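Quick notes on the structure that follows.
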Amino acid sequence: MSDETVRTRSSAVFGNRYVADVVAAIVGLAAEPEIGVTVRMIAQRAGLTDNLVRPVVKRLVEAGLLVPHQQLRPRGPSYHRVRIDLPLWQALEQTCRFLGNQ
1 MSDETVRTRS
11 SAVFGNRYVA
21 DVVAAIVGLA
31 AEPEIGVTVR
41 MIAQRAGLTD
51 NLVRPVVKRL
61 VEAGLLVPHQ
71 QLRPRGPSYH
81 RVRIDLPLWQ
91 ALEQTCRFLG
101 NQ
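By the working numbering, the letter at position 76 of the sequence shown is numbered 76, and the numbering carries on one by one without gaps.
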């Protein structure tokens, strides 16, 4: 399925064209959940800009699906822990996968 079709569906379901892309990238990065993920890591994996990823990450933090790590340096990157243990995360991951398969 084309990226455009997935993004159209993502927009219809989530109100943002890039949620499915961002979630797919996070799934790929979450193999080592103790390390955490940054907006830049997600953007690079998804092939998107930081500015497209940042609002999705903010929404995932607000939903409790990403938890910010304490920053060690004031100007350092913001790492987030992925709550892959939550049923809500699992449902989101599955929904995003379905958007690309139907």
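The beta-carbon is built from N, C-alpha and C at its ideal position, and this holds for glycine as well.
Bear in mind that the values here come from a model prediction, so they are computed numbers and not experimental data.
Handout entry: Length of the line joining the Cα atoms of C96 and S78
Key = C96 and S78: Cα-Cα distance of roughly 24 angstroms.
Problem - As assigned by DSSP and simplified to three states, the class of L86 - result: Coil, per DSSP.
Problem - In DSSP terms, what P68 is bridged to - result: DSSP lists H80 as partners of P68.
Practice task
In angstroms with no decimal places, state the Cα-to-Cα distance between T49 and A43.
Solution key: So the alpha carbons of these two residues sit roughly 6 angstroms apart.
Practice task
For V37, write down the residues that DSSP places opposite it in a beta bridge.
Solution key: Note: V37 sits in a beta bridge opposite H80.
Problem - Beta-carbon proximity check, V67 vs R81, cutoff 8 angstroms - result: It is a contact, given that the beta carbons lie within the stated cut-off.
Exercise for the section: Could you check if D21 is buried or exposed, using at least 16 other CB atoms within 10 Å of its CB as the buried criterion? Expected result: So D21 counts as buried.
Problem - N-terminal and C-terminal residue of the alpha helix (DSSP H) that T49 is part of - result: Per DSSP, T49 lies in no alpha helix (DSSP H) and is assigned neither H nor E.
Problem - V57 vs Y18 beta-carbon contact at 8 angstroms - result: With contacts defined as CB atoms closer than 8 angstroms, V57 and Y18 fail to qualify as a contacting pair.
Problem - Cβ distance (whole Å) where L29 is taken to contact R7 below 8 angstroms - result: Not confirmed; about 20 angstroms, so no contact.
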